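Single-structure report; data block below.
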Amino acid sequence: MLLRAVCALLLCSIACAAPAASIYRCTDGQHAATFRDTPCPAGTHQSKREVAGQPLIDPSAPRRAPVMTPSSRRSTALPRRAHTRRIRKRQPPMSWECRAADGEVFYRHTRCPSSVPGDGVVRSSYAASFNGGHSRRHHNAWSRIPVHGVKIPRAEACERMDSAGASGRDGHQRDVHVSTYDHLMGRDPCSAA
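What the sequence shown shows, in this note's numbering, is residues 53 to 245, in sequence order.
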C-alpha cells in the first residue's frame with residue numbers, strides 16, 4: 053500500500069513538473085498539412101495540440117527556463133540601447149616610419165625607439181643646432197639622437213625598405229631585417245603584407 057502511494061505521488065510530481073508545448077496543425081485549401089510552434093497564418097485551418105515535455109530525472113532539480121521561439125522573442129524583446137557598439141573594420145597591419153632628429157629615416161614593424169646612438173656621420177642641419185650654445189651637454193656625431201615615429205601601412209613600409217633606392221637613404225641600415233631562415237619559415241612580416 054505504501055509503495056503504491058509513493059509511485060502515485062512520484063507520477064503526479066512528474067506530470068506536474070513536465071513543461072508543455074503547443075503544436076499547431078495548419079491545413080491549407082489543398083488539404084496539405086504543416087506543423088508549427090506558432091499560430092497558423094490567416095486563410096488556413098488551425099488545430100492546436102498540447103504536448104507534454106520529457107519528465108524530469110530529478111523532480112527536485114531547478115527547472116530550465118522555457119525555450120524562446122522567434123515569435124516570442126519579438127514580443128518580449130527589450131528595446132535596443134541607444135548606444136550600440138560599433139563594428140570595427142579590420143585594419144591592415146601597420147608598421148612604423150621612424151624619423152631621427154638628424155634626418156635619418158628607417159622602418160620597423162614594432163614601435164620606434166625613443167632614441168638611437170649616433171652613427172658617426174655629421175649631418176649639417178643637426179650639427180648646426182648644437183653650435184648655437186643652447187645645449188648644456190656636449191653633443192657630437194656619436195651622441196644619442198631622439199626619434200619620432202609615425203604609423204604607416206605595413207605594405208608601404210615593406211615597399212620602401214625593399215625599393216632599389218633604399219640603400220641611398222640615410223638610416224637604411226637601421227631598418228628591421230629578417231634573416232633568410234625566418235623568411236623561409238614564413239616569419240617575414242613583409243611576405244604576408
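Just so it is clear, CB atoms sit at the ideal spot from N, CA and C, and this is done for glycine as well.
Since we're looking at a predicted model, the values are computed, not measured.
Next item on the list: Helix, strand or coil for residue 210, going by three-state DSSP, please let me know.
Entry: As a working mapping, residue 210 is identified with position 158 in the sequence shown. Of the three classes helix, strand and coil, the one that applies to residue 210 here is helix, per DSSP.
Next item on the list: Mind checking which residues open and close the beta strand (DSSP E) that includes residue 235?
Entry: Along the sequence shown, read from residue 1 onward, the residue named residue 235 stands at position 183. It is not in any beta strand (DSSP E) - residue 235 instead sits in the alpha helix (DSSP H) that spans 232 to 236.
Check: Thinking C-alpha only, which one of 207, 175, 203, 238 is nearest residue 195?
Finding: If you number the sequence shown from 1, residue 195 lands on position 143. Here the closest residue by C-alpha is 175.
Next item on the list: Kindly say whether residue 160, judged by its beta-carbon, lies nearer than 9 Å to any beta-carbon of chain C.
Entry: Looking at the structure shown, chain C is missing, and only one protein chain is on hand.
Next item on the list: Go ahead and pull the three-state DSSP assignment for residue 147.
Entry: For the purposes of this step, residue 147 is taken as residue 95 along the sequence shown, with counting starting at 1. Taken through DSSP and simplified to helix, strand or coil, residue 147 comes out as strand.
Next item on the list: Could you check what DSSP says for residue 81 in three-state terms: helix, strand or coil?
Entry: Taking the first residue of the sequence shown as position 1, residue 81 is located at position 29. Residue 81 falls in the coil class under three-state DSSP.
Note to self: Given this structure, state the Cα-to-Cα distance separating residue 101 from residue 112, to the nearest angstrom.
What the structure shows: For the purposes of this step, residue 101 is taken as the residue at position 49 of the sequence shown. For the purposes of this step, residue 112 is taken as the residue at position 60 of the sequence shown. Spanning the two alpha carbons is a distance of roughly 28 Å.
Check: Got a sec, what are the start and stop residues for the beta strand (DSSP E) residue 169 sits in?
Finding: For the purposes of this step, residue 169 is taken as the residue at position 117 of the sequence shown. 167 to 169 is the span of the beta strand (DSSP E), which, as asked, contains residue 169.
Notebook entry, point to check: Starting from residue 243 and walking both ways along the beta strand (DSSP E), at which residues does that stretch end?
Noted result: Here residue 243 is taken as the residue at index 191 of the sequence shown, counted from 1. Per DSSP, residue 243 belongs to no beta strand (DSSP E); it is in the alpha helix (DSSP H), 241 to 244.
Checklist line | Bridge-paired residues (DSSP) for residue 201 | finding: As a first step, residue 201 is located in the sequence shown; it is residue number 149 there, counting from the start. In the DSSP output, where bridge partners are listed per residue, residue 201 has 150.
Note to self: Can you give me the C-alpha to C-alpha distance between residue 220 and residue 236, rounded to a whole angstrom?
What the structure shows: One-based indexing of the sequence shown puts residue 220 at position 168. One-based indexing of the sequence shown puts residue 236 at position 184. Their backbone Cα atoms lie some 27 Å apart in a straight line.
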